[in-house]
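A.B. asks: Going from the sequence shown to my numbering is simple: count from 1 and add 1.
Glycine included, C-beta positions come from ideal geometry on N, C-alpha and C.
I am attaching a structure below and will ask some questions about it afterwards.
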Amino acid sequence: MAVAGAAGRTELDELRAAYRAFIDEHVLPAEDALSREDAAADALLAELRARAKAEGLWAPHLPPEAGGTGRGFLAYANLNEEIGRVVWAQCVFNCQAPDAGNGEILHLYGTEEQKERWLAPLVAGDARSFFSMTEPDVSGADPTGLRATAVLDGDEWLVNGRKWFSSGAEGAAFGIVMAVTEPEAPPRRRMSQIIVPADADGVEIEPVPVFGHRGRGWSTHCEVTYTDVRVPFGNLLGERGAGFLIAQKRLGPGRIHHVMRWLGQMQRAFELMCTRALEREAFGGPLAEKQTVQGWIADSAAEIQACRLLTLDAARKIDEERDARVEISLLKFYAADVLSRVIDRAVQVHGALGLTSRSPLSHMYTMARAAHIYDGPDEVHRMVVSRRILQAFADGGVWRFG
Ligand SMILES: Cc1cc2nc3c(=O)[nH]c(=O)nc-3n(C[C@H](O)[C@H](O)[C@H](O)COP(=O)(O)OP(=O)(O)OC[C@H]3O[C@@H](n4cnc5c(N)ncnc54)[C@H](O)[C@@H]3O)c2cc1C
């Protein structure tokens, strides 16, 4: 990324300002209409997407050779502080979960044919996708026990299994399905990732209403049943048995994507809290003069900044292709805590208003709860961090952040 220009602003600053201006001018005013998730919302979203594309603010998670406008993780982290402010903005710029992560694995592991058939329409914004890994019957936190299978029958895979929490599956064109293809292999080599068209015979998709999610199309979390679904052998992503490794590759950066967006949510809640504290009067003066409220503002400012710096550090390490496993896990559970705390304090400062649909905080509050669970529960990330650090000591060394 270029260094400071004449006005002391970097190219990245300019780009970030462009995203901020677009969101302020077009997305924030449309937030309520988009949240209604009706036909008018679909038309409005299509209009905003066309405008974002025309202005070059499109698919910022993928590099130009994959059809995006991306400039690496560090730049993307910065842009997401803006994009994350409004839940719908990720759709406007075509970098919404789970398509962003799916696009990345198709770019990294897809064959030329797969890229043309599945990645190109994703990047163009003509199709959506889902990632189908978690199953209702076994622990998602420990995916080595997943049961869905794909058995080779001639030159086709025969896929069977039951998944749930396949986000965005309603109305999607295809899913990337984790299935056991090598039952005799060690736990982390048993699964493969296979692309399954959503309209294939034997695929049934049923949205499961989830706390905090209104649930239509992109915003659904679905149970997906695969019954004797046949797909060509060529729909295998990467090598046989590499599903787990690819998932790690996808979920690591994917977690950073989430945290980047949470920074936008934290910042928005913080701005709402400060504004309300200055405006609302009680017991002879503004809430901003109460020491408890001042404490919340100071603690929130410190915690948000800590999350920002952790995110930028992890993003930089990913860009430099360094091992960032500890940084990513540490950030995932820490940022989920900060997200919940900052939104909770903002709700408290708003009193009853914070719980109503007249404030964006109520929706933000319910959405934040899921952050402690998706892409690995907090407890699992704490376990990963402590195991890695303790292993360094057990090996006779020490742990230091590079
Ligand atoms: C909003 C949302 C979107 C999602 N999107 C997708 C998606 O697109 N695709 C997909 O495949 N999945 C998705 N998921 C599923 C998600 O990844 C799983 O819910 C998650 O991995 C946890 O699995 P589980 O729900 O089966 O919980 P379980 O594995 O049953 O764990 C339950 C609880 O046990 C505790 N626990 C587990 N392990 C440990 C441990 N080692 N130490 C201490 N406590 C532990 C934790 O408190 C955990 O919350 C989504 C989930 C949510 C909420």
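Let me check understanding here. Comparing Cα to Cα, which of Ser330, Ala151 and Leu159 lies closest to Gly255?
C.D. replies: Locating residue 255 in the sequence shown gives position 254, counting from the first residue. The residue with the shortest Cα to Cα distance from Gly255 is Ser330.
A.B. asks: Does the CB of Cys96 have a neighbour CB from chain D at under 9 Å?
C.D. replies: Here chain D cannot be found, since the structure has a single protein chain.
A.B. asks: Can you tell me whether DSSP reads Glu157 as helix, strand or coil?
C.D. replies: For the purposes of this step, residue 157 is identified with residue 156 of the sequence shown, where counting begins at 1. Here Glu157 sits in strand by DSSP.
A.B. asks: Can you have a look at Trp1 and say buried or exposed, based on whether 16 or more other CB atoms are within 10 angstroms of its CB?
C.D. replies: The question about residue 1 has no answer, for the chain in this structure spans 2 to 403.
A.B. asks: Sort Ala151, Glu83 and Ser36 by Cα distance to Asp418 and report the nearest one.
C.D. replies: Outside the displayed range of the chain (2 to 403) lies residue 418, so it cannot be described from this structure.
A.B. asks: Give every residue of the same chain whose Cβ lies closer than 8 Å to the Cβ of Val124, excluding the five residues on either side of it in the sequence, and list them in chain order.
C.D. replies: Translated into positions along the sequence shown, residue 124 becomes position 123. Closer than 8 Å at Cβ, skipping near neighbours: Ala60, Leu63, Ala67, Gly68, Gly69, Asn95 and Gly104.
A.B. asks: Specify whether the segment 241-261 and the segment 171-183 touch according to this definition: at least 3 beta carbon pairs, one from each stretch, less than 8 Å apart.
C.D. replies: They touch, by the three-pair rule.
A.B. asks: Do you know offhand how far Ile344's Cα is from Leu159's?
C.D. replies: Sequence index remark: in the sequence shown, residue 344 carries index 343 (1-based). Sequence index remark: in the sequence shown, residue 159 carries index 158 (1-based). Between Ile344 and Leu159, the C-alpha separation is close to 46 Å.
A.B. asks: Smallest Cα separation from Asp127: which of Ala173, Ala151 and Val152?
C.D. replies: Counted from its first residue, the sequence shown places residue 127 at position 126. Considering only alpha carbons, the answer is Ala173.
A.B. asks: Does the segment 386-403 come close enough to the segment 290-300 to have 3 or more Cβ pairs within less than 8 Å?
C.D. replies: No, they do not touch.
A.B. asks: Rounded to the nearest angstrom, what separates Ser193 and Ala53 at their Cα positions?
C.D. replies: Locating residue 193 in the sequence shown gives position 192, counting from the first residue. Locating residue 53 in the sequence shown gives position 52, counting from the first residue. Cα-Cα distance, rounded: 35 Å.
A.B. asks: Report the residue ranges of all alpha helix (DSSP H) runs contained in full by the segment 326-363; include only those spanning at least 4 residues, in chain order.
C.D. replies: As far as the segment 326-363 is concerned, its whole alpha helix (DSSP H) runs of at least 4 residues are 326-351.
A.B. asks: Per DSSP, what are the beta-bridge partners of His382 in this structure?
C.D. replies: In the sequence shown, residue 382 corresponds to position 381, counting from 1. Paired residue(s): none; His382 is not in a bridge.
A.B. asks: Please determine whether the Cβ atom of Val211 lies at a distance below 8 Å from any heavy atom of ligand 3.
C.D. replies: In the structure shown, ligand 3 is absent; the only ligands present are ligand 1.
A.B. asks: With the cut-off set at 9 Å, would you say Ala270 and Ala278 are in Cβ contact?
C.D. replies: In the sequence shown, the residue the question calls residue 270 occupies position 269. In the sequence shown, the residue the question calls residue 278 occupies position 277. Not in contact: Ala270 and Ala278 (Cβ atoms no closer than 9 Å).
A.B. asks: Going by the CB atoms, is the gap between Ile257 and Ala199 shorter than 9 Å?
C.D. replies: For the purposes of this step, residue 199 is identified with residue 198 of the sequence shown, where counting begins at 1. For the purposes of this step, residue 257 is identified with residue 256 of the sequence shown, where counting begins at 1. The answer is no: Cβ separation not under 9 Å.
A.B. asks: Under the DSSP definition of a beta bridge, which residues are partnered with Arg323?
C.D. replies: Here residue 323 is taken as the residue at index 322 of the sequence shown, counted from 1. Answer is none; Arg323 lacks a bridge partner.
A.B. asks: State the DSSP-derived secondary structure class of Pro184, mapped to helix, strand or coil.
C.D. replies: Here residue 184 corresponds to residue number 183 of the sequence shown, with the count starting at 1. Correct three-state label for Pro184: coil.
A.B. asks: With 16 other CB atoms within 10 Å as the buried threshold, where does Pro137 fall?
C.D. replies: Indexing the sequence shown from 1 puts residue 137 at position 136. Classification for Pro137: exposed.
A.B. asks: CA-CA distance, Val350 and His27?
C.D. replies: Locating residue 350 in the sequence shown gives position 349, where the first residue counts as 1. Locating residue 27 in the sequence shown gives position 26, where the first residue counts as 1. Cα-Cα distance, rounded: 28 Å.
A.B. asks: Grab the span of the alpha helix (DSSP H) containing Met267 for me, first residue to last.
C.D. replies: Counting from 1 along the sequence shown, the entry for residue 267 is found at position 266. Looking at the DSSP string, the run of the alpha helix (DSSP H) that includes Met267 is Gly244 to Glu280.
A.B. asks: Nearest-angstrom Cα distance between Ile106 and Ala395?
C.D. replies: The count along the sequence shown starts at 1 and reaches residue 106 at position 105. The count along the sequence shown starts at 1 and reaches residue 395 at position 394. Distance between the alpha carbons of Ile106 and Ala395: 34 Å.
A.B. asks: Pull up the DSSP beta-bridge partners for His222, would you.
C.D. replies: Taking the sequence shown and counting its residues from 1, the one referred to as residue 222 is at position 221. Partner(s): Ser168.
A.B. asks: Could you have a look at Ile195 and say whether DSSP puts it in helix, strand or coil?
C.D. replies: Residue mapping note: residue 195 aligns to position 194 of the sequence shown, counting from 1. Strand at Ile195.
A.B. asks: Is the distance from the Cβ of Arg217 to the Cβ of Glu171 below 9 Å?
C.D. replies: Working through the sequence shown from its first residue, we reach residue 217 at position 216. Working through the sequence shown from its first residue, we reach residue 171 at position 170. In this structure, Glu171 lies closer than 9 Å to Arg217 by Cβ.
A.B. asks: Within 10 Å of its beta-carbon, does Pro30 have 16 or more other beta-carbons around it, so buried, or fewer, so exposed?
C.D. replies: On the sequence shown, position 29 is the one that residue 30 refers to. Exposed: under 16 other Cβ atoms inside 10 Å.
A.B. asks: Could you check whether Ile196 and Ala151 sit closer than 9 Å to each other, using their CB atoms as the reference points?
C.D. replies: As a working note, residue 151 is residue 150 in the sequence shown. As a working note, residue 196 is residue 195 in the sequence shown. No, the pair does not count as a contact, with Cβ atoms beyond the cut-off.
A.B. asks: Are the segment 309-324 and the segment 223-235 touching, with three or more C-beta to C-beta distances below 8 Å?
C.D. replies: No contact exists between the segment 309-324 and the segment 223-235.
A.B. asks: Three-state secondary structure (DSSP) at Ile106?
C.D. replies: Here residue 106 corresponds to residue number 105 of the sequence shown, with the count starting at 1. The answer is helix: DSSP assigns Ile106 an H, G or I state.
A.B. asks: Evaluate the contact criterion for the segment 320-335 versus the segment 369-383: three or more CB pairs, one atom per stretch, below 8 Å.
C.D. replies: Because the criterion of three Cβ pairs below 8 Å is met, the segment 320-335 and the segment 369-383 touch.
A.B. asks: Considering only heavy atoms of ligand 1, does any lie closer than 8 Å to the CB of Ile374?
C.D. replies: Sequence index remark: in the sequence shown, residue 374 carries index 373 (1-based). Ile374 Cβ: within cutoff of ligand 1.
A.B. asks: Rounded to a whole number of angstroms, what is the C-alpha to C-alpha distance between Arg262 and Thr112?
C.D. replies: To locate residue 262, count along the sequence shown from 1; it is residue 261. To locate residue 112, count along the sequence shown from 1; it is residue 111. Their backbone Cα atoms lie some 30 Å apart in a straight line.
A.B. asks: Does the Cβ of Ala40 have 16 or more other Cβ atoms within 10 Å, making it buried, or fewer, making it exposed?
C.D. replies: Taking the first residue of the sequence shown as position 1, residue 40 is located at position 39. Flag for Ala40 reads exposed.
A.B. asks: What does the alpha-carbon distance come out to for the pair Arg17 and Leu80?
C.D. replies: What you label residue 17 is simply residue 16 of the sequence shown in a count that begins at 1. What you label residue 80 is simply residue 79 of the sequence shown in a count that begins at 1. Taking the straight line from one Cα to the other gives about 5 Å.
A.B. asks: Please report the straight-line C-alpha distance between Asp33 and Leu45, rounded to a whole angstrom.
C.D. replies: Position 32 of the sequence shown, counted from the first residue, corresponds to residue 33. Position 44 of the sequence shown, counted from the first residue, corresponds to residue 45. C-alpha separation (whole angstroms): 11 Å.
A.B. asks: Using a Cβ-Cβ cutoff of less than 6 Å, which residues in the same chain neighbour Ala347 once the five nearest sequence positions on both sides are dropped?
C.D. replies: Within the sequence shown, residue 347 is the residue found at index 346, counting from 1. Cβ within range, chain order: Ala270, Leu273, Met274 and Leu362.
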